[in-house]
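Residue 205 is where the sequence shown starts when you use the working numbering, and the numbers rise one by one after that. Even glycine gets a Cβ: it sits at the ideal position worked out from N, Cα and C. Please read all numbers here as calculations on a predicted model, not as lab measurements.
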Amino acid sequence: MPLPRSPSGIPVARLRALARALAWAAVLLLAPAVPPLASVPSLSLPPAARAAAPPRVAIVFEHAGASLADLAPIYRMHEPFGLGIFPHKRYSAQIVRDALAHGLVPILHLPMEARNPADTAPVAGAVWVRMTDGQITRIVEDDLASAPGVVGVSNHAGSRATADPRVMAAVLRTVKARGLWFEENRTTPSSVASDVAARLGVRRVLITTYLDDPPVDIERKVRALIPIAQRQGAVLAAAHITTGTPQVVLRLLPEFRRAGIVFVPITEFLPR
Ligand SMILES: [Zn+2]
């Protein structure tokens with residue numbers, strides 16, 4: 205899909221990047237000191253620049269793979285959102301390529317066993333706790349092969365599997381061997397995913413803010429990201445492509461812009 209162009213023929217995304225760079229310079233020159241960022245991973249900016257950084261929001265949209273039409277509102281925004289892509293779906297591989305071309309962050313959304321079987325099924329390529337380590341390695345590698353080019357792995361469901369240290373170690377060893385990182389969607393307070401990732405030296409990021417789970421009050425929850433980002437400096441949230449949330453974010457985009465919010469990739473929340 206060609207990039208949209210401005211009347212001057214310059215791609216809109218490039219103009220937007222230029223405008224953002226100018227806004228940044230204005231912030232650095234004009235803004236008074238803002239409160240220090242709390243509970244936000246440090247960035248590769250010098251401390252003075254970080255103190256004046258604009259509020260940042262990262263959103264990951266999950267459950268891509270079965271349809272291309274669902275992704276149109278996401279691509280239209282030209283922002284570096286994460287995109288969680290199911291393995292073995294009709295468009296899994298194509299969506300990885302399209303996501304990269306649109307500046308998104310493609311992530312394998314790995315189905316994992318839930319306590320309630322209905323939460324996991326009927327998705328292909330799932331990790332079950334009855335599997336041996338070798339079987340888990342093979343299924344994760346098969347899943348990755350069905351979505352070549354993903355840069356990270358996230359869990360879909362998994363309230364049983366993410367609480368099992370052996371299973372998580374088998375998954376995360378494969379993630380590490382491929383040079384990828386892990387996005388944990390916490391589905392149980394008993395999760396050991398972050399602990400096992402730390403032990404194995406796998407870079408990971410935890411998401412606990414969901415915009416449409418349950419799928420009510422979505423507009424309020426999307427809009428609430430603005431004051432949260434302004435207060436904390438940054439916020440990371442996840443949503444699903446099939447709940448209408450991408451359309452809500454698209455509609456509210458002018459409010460985010462007016463508030464000076466900068467959308468950043470989820471990778472900014474990974475430890476360096
Ligand atoms: Zn999911």
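- Residue 263 has 441 as its beta-bridge partners, per DSSP.
- Under the 8 Å Cβ criterion, the stretch 444-462 does not count as touching the stretch 392-406, having fewer than three qualifying pairs.
- Distances from the CB of residue 288 to the heavy atoms of ligand 1 include at least one below 8 Å.
- For residue 389, the distance from the CB to the nearest heavy atom of ligand 1 is below 8 Å.
- Taking a contact to require three or more Cβ pairs closer than 8 Å, the stretch 355-373 and the stretch 307-321 qualify as touching.
- Residue pairing for residue 430: DSSP places it in no beta bridge.
- In this structure, the alpha-carbon of residue 450 lies about 12 Å from that of residue 267.
- Annotation for residue 266 indicates a beta carbon within 8 Å of some heavy atom of ligand 1.
- DSSP, read as helix, strand or coil, puts residue 465 in coil.
- Taking 3 residues as the shortest admissible run, the stretch 355-385 contains the following complete beta strand (DSSP E) segments, listed from N- to C-terminal end: 356-361.
- Inclusion of residue 313 in the 8 Å shell around ligand 1 follows from its C-beta lying nearer than that to a non-hydrogen atom of the ligand.
- For the stretch 318-350, the continuous alpha helix (DSSP H) assignments of 4+ residues that do not extend past its boundaries occur at 321-324, 337-349, in sequence order.
- Judged by their CB atoms, residue 286 and residue 308 are nearer to each other than the 9 Å cut-off.
- Under the three-state reduction of DSSP output, residue 315 falls in the strand class.
- For residue 361, the Cβ falls inside the 8 Å cut-off from some heavy atom of ligand 1.
- Every unbroken stretch of the beta strand (DSSP E) spanning 3 or more residues and falling wholly within the stretch 393-420 is given here in chain order: 408-411.
- Only residues of its own chain outside the window of five on either side were considered, and among them 297, 300 have a CB closer than 7 Å to the CB of residue 352, listed in chain order.
- Here the alpha carbon of residue 275 sits roughly 22 Å from the alpha carbon of residue 465.
- Partner residues in the beta bridge of residue 287, as assigned by DSSP, are 265, 310.
- Distance from the C-beta of residue 444 to the nearest heavy atom of ligand 1 is below 8 Å.
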